[in-house]
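Each residue of the sequence shown is one higher than the last, beginning at 1 in the UniProt record's numbering.
Presented below is the structure to which this report refers.
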Amino acid sequence: MGAELNNALKIFVAPDKPESRTYQQIRNVLIAHFDVKKNKYAESVKFRQIVQLQNESIANFSQRLKQGATFCEYDTFLDRMLIEQLLHGLTDRDMRDEIIAKKPTTFKDAYEIAHTLESTRQTADEVTSTSNKIHALSYSTTHFKHKRYASHTSRSASRKQDHGEQQGQYACYGCGERHKCSECPFRTSECHKCKKRGHIAKVCRASSSLSTSQIRRSKEPATQIDTLKCFNAVEEIYVIDKSYGKKILQVLIEGHKLNMELDSAAPYSFIGSDTLRNLKPNFQLQPTSKKFISYSQHRLNCIGTCSVNVSFGSTSRQHPVYVIQGSYDSLFGHE
Numbered sequence: 001m002g003a004e005l006n007n008a009l010k011i012f013v014a015p016d017k018p019e020s021r022t023y024q025q026i027r028n029v030l031i032a033h034f035d036v037k038k039n040k041y042a043e044s045v046k047f048r049q050i051v052q053l054q055n056e057s058i059a060n061f062s063q064r065l066k067q068g069a070t071f072c073e074y075d076t077f078l079d080r081m082l083i084e085q086l087l088h089g090l091t092d093r094d095m096r097d098e099i100i101a102k103k104p105t106t107f108k109d110a111y112e113i114a115h116t117l118e119s120t121r122q123t124a125d126e127v128t129s130t131s132n133k134i135h136a137l138s139y140s141t142t143h144f145k146h147k148r149y150a151s152h153t154s155r156s157a158s159r160k161q162d163h164g165e166q167q168g169q170y171a172c173y174g175c176g177e178r179h180k181c182s183e184c185p186f187r188t189s190e191c192h193k194c195k196k197r198g199h200i201a202k203v204c205r206a207s208s209s210l211s212t213s214q215i216r217r218s219k220e221p222a223t224q225i226d227t228l229k230c231f232n233a234v235e236e237i238y239v240i241d242k243s244y245g246k247k248i249l250q251v252l253i254e255g256h257k258l259n260m261e262l263d264s265a266a267p268y269s270f271i272g273s274d275t276l277r278n279l280k281p282n283f284q285l286q287p288t289s290k291k292f293i294s295y296s297q298h299r300l301n302c303i304g305t306c307s308v309n310v311s312f313g314s315t316s317r318q319h320p321v322y323v324i325q326g327s328y329d330s331l332f333g334h335e
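As structure tokens, then:
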């Protein structure tokens, strides 16, 4: 018996001395003090407050759930309560939806689903982080596009190439001459082809397939996306002026009206998962290896691609979109 426990025992049996008590009497005194029965309702309240912490693994979160349910006396309902609290406490909404869709009957099944999804995403991130190919895509509403073919170079080589472009080694997007875009004499000129400012007709890449009556302008700054670390050997970089308003198309997605930003220079179409869920609740995602970051270098969580029914004017067809997790402005690309 340690010194602390011995001192506590002296207090518990005072004014008697511990030597005057039998072993069973001492044991009963200690049990009565230290082994207080827990209130199952209070423990249940504590259990309901257990949620996944930031960057906490599924394994650790599940372990805390099991420990929290120890004194709740759920008995035959234990699996059900553990599954419900797992779903309630998960920080990843898409993981939660995946577990719900598979309808696990035991907590072990729910844990295996969540753990597999977590491991798959971690593996994909690790594979992506080893890639040396960085390809950036930034876009707005003036459709100036410069195409550069990427090679199997390191990240530092890509930065040197970008620096070389800034020094005027590549043609200006405004007039086609070899100088910095910021020094172009036509940077405020109006294009005779598309009527936009910043370039002249000989380098204009605007598409004439859409009627201007179906397009309206918005004064808000355009959304920016950068593609990063794609597995393809050849990618394109789009350098776009952000100073003008964006073009908005109103299209029908699965029969519902949706305003999408139009950019013929962007190779892909994007939509937020929250928006897609409202338009097509039971959408099915296809995996993708592409990664994207925003213009401000924040990573966007692309959770896959989805094919949707798109109608614009008299044209209707199936159109692939890249789904970004959460709320995100919709973009209509040329793919």
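The C-beta atom is built at its ideal place from N, Cα and C for all residues, glycine as well.
Since the model is a prediction, treat every value here as computed from it, not as a measurement.
For residue j and residue i, the rounded distance between their alpha carbons
| i | j | result |
| --- | --- | --- |
| residue 108 | residue 293 | 35 Å |
| residue 19 | residue 37 | 28 Å |
| residue 135 | residue 190 | Because the pLDDT at residue 135 is just 48, under 50, the model does not fix this residue reliably, and the point stays unresolved. |
| residue 28 | residue 113 | 46 Å |
| residue 48 | residue 254 | 38 Å |
| residue 40 | residue 46 | 10 Å |
| residue 56 | residue 91 | 10 Å |
| residue 325 | residue 30 | 55 Å |
| residue 121 | residue 59 | 15 Å |
| residue 185 | residue 206 | 20 Å |
| residue 52 | residue 89 | 5 Å |
| residue 323 | residue 61 | 27 Å |
| residue 200 | residue 117 | 50 Å |
| residue 303 | residue 171 | 36 Å |
| residue 128 | residue 290 | 9 Å |
| residue 356 | residue 85 | The structure shown does not extend to residue 356, since the chain spans only 1 to 335, so no value can be given for it. |
| residue 65 | residue 81 | 10 Å |
| residue 279 | residue 96 | 19 Å |
| residue 87 | residue 198 | 51 Å |
| residue 123 | residue 259 | 35 Å |
| residue 309 | residue 320 | 9 Å |
Residue i, DSSP secondary structure in three states
| i | result |
| --- | --- |
| residue 299 | strand |
| residue 192 | coil |
| residue 19 | helix |
| residue 305 | strand |
| residue 205 | coil |
| residue 256 | strand |
| residue 51 | coil |
| residue 27 | helix |
| residue 247 | strand |
| residue 180 | coil |
| residue 118 | helix |
| residue 292 | strand |
| residue 261 | strand |
| residue 6 | helix |
| residue 187 | coil |
| residue 311 | strand |
| residue 329 | coil |
| residue 14 | coil |
Proximal residues to residue i (C-beta, below 6 Å), its chain only, five neighbours per side dropped
| i | result |
| --- | --- |
| residue 75 | none |
| residue 183 | none |
| residue 126 | none |
| residue 7 | none |
Beta-carbon proximity of residue i to residue j, cut-off 7 Å
| i | j | result |
| --- | --- | --- |
| residue 270 | residue 331 | yes |
| residue 43 | residue 71 | yes |
| residue 318 | residue 305 | no |
| residue 68 | residue 50 | yes |
| residue 100 | residue 110 | no |
| residue 333 | residue 268 | yes |
| residue 194 | residue 204 | yes |
| residue 252 | residue 307 | no |
Enclosing alpha helix (DSSP H) for residue i [first to last residue]
| i | result |
| --- | --- |
| residue 89 | 78-89 |
| residue 97 | 93-102 |
| residue 285 | Unbroken run through residue 285: none, as it is neither H nor E. |
| residue 71 | From DSSP, residue 71 is part of no alpha helix (DSSP H); its letter is neither H nor E. |
Residue interval of the beta strand (DSSP E) (run including residue i)
| i | result |
| --- | --- |
| residue 318 | 315-324 |
| residue 272 | 270-272 |
Spatial neighbours of residue i in its chain, beta-carbon cut-off 7 Å, leaving aside the 5 residues before and after
| i | result |
| --- | --- |
| residue 79 | 106 and 107 |
| residue 337 | Summary: the structure shown does not reach residue 337, with the chain confined to residues 1 through 335, and so no result is reported for it. |
| residue 13 | 21 and 29 |
| residue 345 | What is shown of the chain runs 1 to 335, which leaves residue 345 out entirely. |
| residue 299 | 293 |
| residue 276 | 283, 306 and 323 |
Chain-order list of residues whose beta-carbon lies under 8 Å from that of residue i (same chain, five-residue window excluded)
| i | result |
| --- | --- |
| residue 2 | none |
| residue 177 | 171 and 184 |
| residue 10 | 17 and 18 |
| residue 94 | 273, 303 and 325 |
CB contact below 7 Å: residue i versus chain C
| i | result |
| --- | --- |
| residue 278 | The displayed structure is made up of one protein chain only, and chain C is not part of it. |
Near the ligand GTP: residue i beta-carbon under 6 Å from a heavy atom
| i | result |
| --- | --- |
| residue 82 | Questions concerning the ligand GTP fall outside what the structure shown contains, since it holds no ligand whatsoever. |
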